[in-house]
Amino acid sequence: MKRYYLIAIPALLFLFASCGKGGFPSIPSLAFKSIGPGAVHPGDSVQIVCSFRDKEGNIQDSVYFRASNSNVYGTYAMPNFPAQSNMEGNIIVELYSGTDFTPPAGAGAADTIYFYVFIKDLSGKSSDTVKTTPILSYGG
Numbered sequence: 013m014k015r016y017y018l019i020a021i022p023a024l025l026f027l028f029a030s031c032g033k034g035g036f037p038s039i040p041s042l043a044f045k046s047i048g049p050g051a052v053h054p055g056d057s058v059q060i061v062c063s064f065r066d067k068e069g070n071i072q073d074s075v076y077f078r079a080s081n082s083n084v085y086g087t088y089a090m091p092n093f094p095a096q097s098n099m100e101g102n103i104i105v106e107l108y109s110g111t112d113f114t115p116p117a118g119a120g121a122a123d124t125i126y127f128y129v130f131i132k133d134l135s136g137k138s139s140d141t142v143k144t145t146p147i148l149s150y151g152g
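Going by our numbering, the first residue of the sequence shown is number 13, and it counts up by one from there.
Structure, rendered in structure tokens:
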């Protein structure tokens, strides 16, 4: 059974309604923060942390990810939490080598891979796609 972990830890910020141009975007905003560990073997997991901001706070649709050695996007449903205006926080996705992304073939083989990640809100608006820093993936 595939083990998927998606943790959304909204650090809710309530800002005054008078936010000007420096306020929250209506389209979800996503920024890459970190990835680790820097090297994985089949069965190991890698954790991707991205920060988000959204004016409507309706980001509860999905997180999409794709490894650089694949053309297929995987999807995780966001956990259900109350929508709040001017929401920001972190999204943590844990992906497993051999399950969520393909390690290189052959024992001792290694490949540098990175991930593309974006989110979609309940209105169907997608954030920009962010690219992680690379990790080293070993074959089994």
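Just so it is clear, CB atoms sit at the ideal spot from N, CA and C, and this is done for glycine as well.
Report task. On the DSSP bridge assignment, give the partners of F130 in chain order. Result -> Y76
**Report entry** Secondary structure of F113, DSSP reduced to three states
**Finding:** strand
Report task. Kindly give me the distance between the Cβ atoms of P94 and R65, rounded to whole angstroms, as I take these residues to be in contact under 8 Å. Result -> About 17 Å separates the two Cβ atoms, so there is no contact after all.
Query raised in the report: At what residues does the beta strand (DSSP E) containing G55 begin and finish?
Result: Neither: G55 is in no beta strand (DSSP E) and is coded neither H nor E.
Query raised in the report: How big is the Cα-Cα spacing for A79 and F113?
Result: 6 Å
Report task. With A122 as the anchor, note down where its beta strand (DSSP E) starts and where it stops. Result -> A122 to I125
Query raised in the report: Around the Cβ of G55, are there at least 16 other Cβ atoms within 10 angstroms (buried) or fewer (exposed)?
Result: exposed
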